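Remarks on the structure that follows.
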Amino acid sequence: MCGFIGCIHDRPRAIEQTWKTTLMEMNRLITHRGPDDEGYFFDEYVSFGFRRLSIIDLEAGHQPLSYENDRYWIIFNGEIYNYLELREELAAKGYSFATHSDTEVIVALYSAEKEKAVEKLRGMFAFVIWDKQEKTVFAARDPFGIKPFFYAEQGDRTFFASEKKSILLALGQESLNGDSLQHYLTFQYVPEPLTMSAGIYKLEPGHYLKKQVGKPLTIHRYWKASFDPIRQSEEELVKQIRDALFDSVSVHMRSDVPVGAFLSGGIDSSFIVAIAKQFHPHLKTFSVGFEREGFSEIDVAKETAEKLGVDNISYVISPQEYMEELPKIMWHMDDPLADPAAVPLYFVAREARKHVTVVLSGEGADELFGGYNIYREPESLRLFVRMPNIVKAVLRMIAKLLPDGMKGKSFLERGTTPLEERYVGNAKIYSEKEKAALLKTYRGGCEYTAVTAPFYRETLHDPPVNRMQYIDLHTWLRGDILVKADKMTMAHSLELRVPFLDKKVFEVARQIAPDMKIANGTTKYILRKAAEGIVPDHVLNRKKLGFPVPIRHWLKNEMYDWARQLIHESETDHLFHKDVLHRLLDEHARHKADHSRKLWTVLAFMVWHQVYVEKKYDFASSAQSEERPASVLEA
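Residue 528 in the working numbering is what sits at position 524 of the sequence shown, and the numbering runs on without skipping anything.
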């Protein structure tokens, strides 16, 4: 796991010291992604910078790396788990290698197969290859979006980086994207390819870009997820899931440094740990919790660890340190993310890094195997499916007239609302009406359904559960889950690997019928069956909690004064009607309504705004303070 920055120019330019200094400053902003080594490459068209966290081939894995007599240069962040097999195939065709790294395998494969090379890679990746002969940059991101990739165009220059903050340094002052803010208030994250910064974008998962000197940048989709259920027996599916997961965990443990695992009280991480233990008997696991009763999975995790025979190290977070670390967390995050679970992930990663360099984690299981409770909804609303539209329209009108909180109102509303309107992913914080009342900058024509509409069109004839999974794969997973997974672990120079988000595991998951995912009200039904006899019984049917965070309680007590002061002091009066926010906070504190998610979404944005717009914190200076010698190559 590493980080990179770079730039391609449309016109040849001299390699000036001022430009070198700028690039080095951009690179040193992401020192946390790779504290072990840094390297640079400059020629008249391209500039590359790289930070390395040594995982494989510790002595010879330096980047930027050249291949084929310096025709190709590559910078690569991630891990390729089938690189040994690909290396053998390429060697049999006459390709030679100077290192034992997966980086060299990627560039050799590109030399052999050009754009088609990316389809053969199994792993998590974001990389850039410069072909000096063709004067072309080729860059790609893994199918699920495990590794980040940002880019921006300014004049005759195209920038790319592992973190947005590096590009911001090159472009100058933060310029807020108003549409991104509106979407953020609904989703609690900025949906891709947008970022909160105008003019800076994310390369979407499963896509590659090409940029030839003097020609426009083009983006192409090389991979598309699809769910195609095949009727199979439980026994067949259990075997397929186990085989795929054992294989995935095995290759995800390839490393020349210590590997551990995150362990919560749920089935996903427990399944990964149980399998990993068979390959690494002395596995260390890491858990996190809070002081407030009912908001800690540490006891369950310790029980699981004891039954599996692995070590468990835990950390308890106080509300005070949660608030104190929030600005730095938002700096690492690049864009605001209002998922309270990002913060405990930051703390457990910090604890894990004291012991290991790589951790396995359970992200992706819910999206692939049907783990979210909301996926049970289509079954509960089945009586509305064949109901005449006129009847549904009448019931919908009746539902609107019922008082808020009245029993049955929500059921009628959801049952009479099309899936495309009622489900836009795991978070739907503010409605359009609520955003219009809150935002001074609200713009009509930027509705949140525009984000999910293309994905619904691609799954028009799929069962409802599959469509919901498809939405989450393309929104929640890549915009929230994997963002916090990467940023919170990389903040501590810790590589996180996700065995569920593997090509072979997905090939099994995509063929599972909906009634094998949700059965008798049980989510992840067939995954639980596959875990029987491997995962301790107390975990198998435990209610899903994720990383429970007591934000709802804290905003009434320990965080109330902090929240009120933040709303008052934040220089966002041009964006928000602050009287609306004070009203929400007071109603929440007086137990009139639970506004915790609405409040936290805005509070997280305000902290981010203080970091990146108001410049109240200077985390960049400490990141750039390193003065270690760097390898600089010029062509």
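All residues carry an ideal CB built from backbone N, CA and C; glycine is no exception. These numbers were taken from a predicted model, which means no experiment stands behind them.
What three-state label does DSSP hand residue i in the structure shown?
i, result
"Phe504", "coil"
"Asn377", "helix"
"Met257", "coil"
"Lys288", "strand"
"Lys228", "coil"
"Gly483", "helix"
"Met128", "strand"
"Glu20", "coil"
"Phe388", "helix"
"Glu618", "coil"
"Leu85", "The sequence as given places Tyr at residue 85; Leu does not occur at that position. Correct three-state label for Tyr85: coil."
"Glu631", "Unreliable positioning characterises Glu631 in this predicted model, as indicated by a pLDDT of 48, which lies under 50. A coordinate reading is not provided."
"His542", "helix"
"Tyr326", "helix"
"Ser100", "coil"
"Asn31", "helix"
"Asn430", "coil"
"Asp408", "coil"
"Asp135", "strand"
Under a Cβ-count criterion, where at least 16 other Cβ atoms within 10 Å of its own Cβ denotes burial, should residue i be classed as buried or exposed?
i, result
"Lys491", "buried"
"Arg461", "exposed"
"Glu196", "buried"
"Lys444", "exposed"
"Met337", "buried"
"Leu88", "exposed"
"Phe283", "exposed"
"Leu387", "exposed"
"Glu367", "buried"
"Leu464", "exposed"
"Thr107", "buried"
"Thr361", "buried"
"Thr162", "buried"
"Arg471", "buried"
"Lys281", "buried"
"Val553", "buried"
"Ile394", "exposed"
"Gln473", "buried"
"Ser274", "buried"
"Arg37", "buried"
"Ser170", "buried"
"Asp146", "buried"
"His578", "exposed"
"Glu631", "Model confidence at Glu631 stands at a pLDDT of 48, short of 50, so the residue's coordinates are unreliable; what they give is reported in the following sentence. Classification of Glu631: exposed, given that the 10 Å Cβ count is below 16."
"Arg390", "exposed"
Please state if the CB of residue j and the CB of residue i are separated by a distance shorter than 9 Å.
i, j, result
"Phe153", "Met128", "no"
"Ile321", "Phe351", "yes"
"Leu505", "Ile110", "no"
"Gly203", "Asp14", "no"
"Ile271", "Arg546", "yes"
"Lys488", "Leu341", "yes"
"Arg225", "Glu208", "yes"
"Val584", "His187", "no"
"Phe52", "Glu42", "no"
"Val194", "Gly449", "no"
"Ile4", "Ser166", "Lying before the first or after the last residue shown, residue 4 is absent from the chain, which here runs from 5 to 639."
"Pro233", "Pro467", "yes"
"Val141", "Lys215", "yes"
"Glu178", "Ser201", "yes"
"Ala156", "Trp335", "no"
"His592", "His581", "no"
Pull up the CB-CB distance for residue i and residue j, whole angstroms please, since I reckon it's below 8 Å.
i, j, result
"Trp480", "Met327", "Their Cβ separation, rounded to whole angstroms, is 26 Å, which puts Trp480 and Met327 out of contact at 8 Å."
"Phe373", "Leu544", "Contact doesn't hold; Cβ gap of about 14 Å is too wide."
"Thr420", "Leu405", "The pair is not a contact, with the Cβ atoms about 13 Å apart (cut-off 8 Å)."
"Tyr49", "Leu27", "Between Leu27 and Tyr49 the Cβ distance is about 14 Å, and since that is not below 8 Å, they are no contact."
"Ile522", "Arg380", "6 Å"
"Glu425", "Thr453", "6 Å"
"Glu93", "Tyr212", "In fact, because the Cβ distance is near 21 Å, the residues do not count as touching under 8 Å."
"Cys6", "Arg56", "5 Å"
"Phe131", "Ala144", "6 Å"
"Ile276", "Pro518", "About 24 Å; that fails the 8 Å criterion."
Kindly say whether residue i, judged by its beta-carbon, lies nearer than 9 Å to any beta-carbon of chain D.
i, result
"Gln177", "This model lacks chain D altogether, as it is built from one protein chain only."
Query raised in the report: Taking three-plus beta-carbon pairs below 8 Å as touching, is the segment 286 to 301 in contact with the segment 251 to 271?
Result: Touching, per the Cβ criterion.
**Report entry** the segment 239 to 248 in contact with the segment 527 to 539 per 3-pair CB rule at 8 Å
**Finding:** With a cut-off of 8 Å, the segment 527 to 539 and the segment 239 to 248 count as touching, because enough Cβ pairs lie within range.
Report task. Spell out a yes or no on whether the segment 602 to 609 and the segment 426 to 437 are touching, meaning 3 or more CB-CB pairs, one atom from each, closer than 8 Å. Result -> Result yes; three or more Cβ-Cβ pairs closer than 8 Å.
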